[in-house]
Amino acid sequence: MDTGTKISLGAHALLLGWVLVGPVFRGEPLPMMVQDVSVVSASDFEAMQAASAPPQAAPEIAEAPEAPAAPEAVAEPAPEPVDPAPAPEPPSEPAAEPEPPAPPAEDVAVLAPEQDTPVPQQADRIAPVPVAEPTPEAVPDDTPQETVTEDSTGDVPQPPQEATAPPEATTQIVTEADEPASAPPSAPSASLRPRSRPTRPVQTAQPTPEPAPAPQAEPETPPQEAAENVADSIAAAVASQVAQQQTTPGAQSGPSGPPLTAGELGDVKAAIGNCWYIGTLSTSAQGTIITVAMDMNPDGSVIYETLELIGFEGGSQQDANVVYRSVRRLMNDCGRKGFPLPRDKYNQWRKLEMRFNPEGMFLR
Numbered sequence: 001m002d003t004g005t006k007i008s009l010g011a012h013a014l015l016l017g018w019v020l021v022g023p024v025f026r027g028e029p030l031p032m033m034v035q036d037v038s039v040v041s042a043s044d045f046e047a048m049q050a051a052s053a054p055p056q057a058a059p060e061i062a063e064a065p066e067a068p069a070a071p072e073a074v075a076e077p078a079p080e081p082v083d084p085a086p087a088p089e090p091p092s093e094p095a096a097e098p099e100p101p102a103p104p105a106e107d108v109a110v111l112a113p114e115q116d117t118p119v120p121q122q123a124d125r126i127a128p129v130p131v132a133e134p135t136p137e138a139v140p141d142d143t144p145q146e147t148v149t150e151d152s153t154g155d156v157p158q159p160p161q162e163a164t165a166p167p168e169a170t171t172q173i174v175t176e177a178d179e180p181a182s183a184p185p186s187a188p189s190a191s192l193r194p195r196s197r198p199t200r201p202v203q204t205a206q207p208t209p210e211p212a213p214a215p216q217a218e219p220e221t222p223p224q225e226a227a228e229n230v231a232d233s234i235a236a237a238v239a240s241q242v243a244q245q246q247t248t249p250g251a252q253s254g255p256s257g258p259p260l261t262a263g264e265l266g267d268v269k270a271a272i273g274n275c276w277y278i279g280t281l282s283t284s285a286q287g288t289i290i291t292v293a294m295d296m297n298p299d300g301s302v303i304y305e306t307l308e309l310i311g312f313e314g315g316s317q318q319d320a321n322v323v324y325r326s327v328r329r330l331m332n333d334c335g336r337k338g339f340p341l342p343r344d345k346y347n348q349w350r351k352l353e354m355r356f357n358p359e360g361m362f363l364r
């Protein structure tokens with residue numbers, strides 16, 4: 001037979017055996033307990049309880065004895081009314097003075113008691129078990145023994161011997177680090193707790209002062225108007241310079257010629273007004289007036305090396321230096337090219353002192 005047939009026969013045999021033998025090993029069911037119960041209402045249960053309880057004996061009430069007759073009251077004369085004495089007025093209690101506040105007690109921090117740290121015993125000998133210092137009478141020996149004296153009463157006489165004891169020993173070497181450090185003599189025995197901070201006074205808000213009105217800045221002069229003022233000032237300065245040189249004796253080393261005409265002054269005004277730009281100066285520098293001295297060449301150009309600041313008004317030294325630098329730039333750009341001045345009148349304008357005002361320049 002093949003393997004499949006064998007497996008099938010074996011499975012069928014096991015199934016038949018279980019069907020035949022299985023009920024034999026099955027246990028019998030346990031019997032069910034049944035008990036009779038009767039339902040009783042609450043009224044019937046109370047009646048049954050009352051019937052089973054023994055009757056209680058009624059308490060005997062003793063009759064109260066008759067009270068004796070009260071004797072007849074005899075009328076007594078009414079006493080005369082007595083006026084009560086006026087009660088003395090209680091003394092007024094003095095106003096209790098407020099007790100002064102008790103000063104705050106100083107909190108003292110309690111220090112923990114000092115604990116003695118056990119100090120190891122000092123000895124020259126080290127042993128597993130510490131040994132106390134022997135008595136002076138004992139002889140040092142590794143084997144301890146007691147003192148024995150001659151005793152004639154004993155059964156067995158013993159030879160006399162001296163007491164011996166092992167030398168002093170300790171379990172560890174004691175160093176300076178193991179010795180207890182003595183407390184500093186200035187250490188206090190108790191420390192005080194820090195005092196609490198005092199209450200700060202409440203600061204009341206103060207009204208904020210109104211800010212002072214800012215000074216109004218002066219309106220800046222437009223560049224076109226400033227140029228016109230500068231040109232007019234140049235013309236007036238050149239005319240005054242010519243008049244001064246004509247009235248000064250010995251100032252002329254050659255022919256001075258006639259005075260400058262209005263057309264010549266207009267040419268100088270146009271040349272100066274187109275070169276000097278004061279828009280980059282600060283407000284404080286624009287209020288500073290400086291005086292600059294210079295020498296002129298016959299061709300109308302400025303000798304740049306002869307420029308010199310000889311004075312200032314209305315500002316600080318720093319403001320004067322700022323304006324002076326702007327004048328030097330002016331003379332470097334336009335002064336080297338030369339101004340349209342007549343050569344035949346050179347003795348009248350060869351040395352000039354110009355008064356530069358950013359709001360209107362004046363020459364003299």
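Count the sequence shown with UniProt numbering and you get residues 1 to 364, in order. Yeah, the Cβ is synthetic: ideal placement off N, Cα and C, and Gly gets one too. Quantities reported herein were computed from a predicted structural model and do not represent experimental measurements.
Check                                                                                                                        : Outcome
Residues of its chain near residue 333, where Cβ-Cβ distance is below 7 Å and the 5 sequence neighbours each way are ignored : 275
Environment of residue 345 [buried if 16+ CB atoms lie within 10 Å]                                                          : buried
Residue 351 - containing beta strand (DSSP E), residue span                                                                  : 351-356
Distance, residue 287 Cα to residue 310 Cα                                                                                   : 17 Å
Same chain, Cβ closer than 8 Å to residue 308, neighbours up to 5 away in sequence not counted                               : 292, 293 and 294
Contact under 8 Å by Cβ, residue 341 with residue 268                                                                        : yes
Residue of 7, 354, 301 and 262 minimising C-alpha distance to residue 343                                                    : 301
Delimiting residues of the alpha helix (DSSP H) encompassing residue 9                                                       : 3-21
Residue 289 and residue 313 closer than 8 Å at C-beta                                                                        : yes
Residue range of the beta strand (DSSP E) that includes residue 313                                                          : 308-313
Cβ-heavy atom distance, residue 130 to the ligand ZN, below 7 Å                                                              : Among the components modelled here there is no ligand, and therefore nothing to report on the ligand ZN.
Distance between residue 315 and residue 281 (C-alpha atoms, nearest Å)                                                      : 13 Å
Residues bridged to residue 292 [DSSP beta-bridge criterion]                                                                 : 309 and 354
Counted within 10 angstroms of its Cβ, other Cβ atoms place residue 45 as buried (16 or more) or exposed                     : exposed
Under 8 Å between C-beta atoms of residue 285 and residue 327                                                                : no
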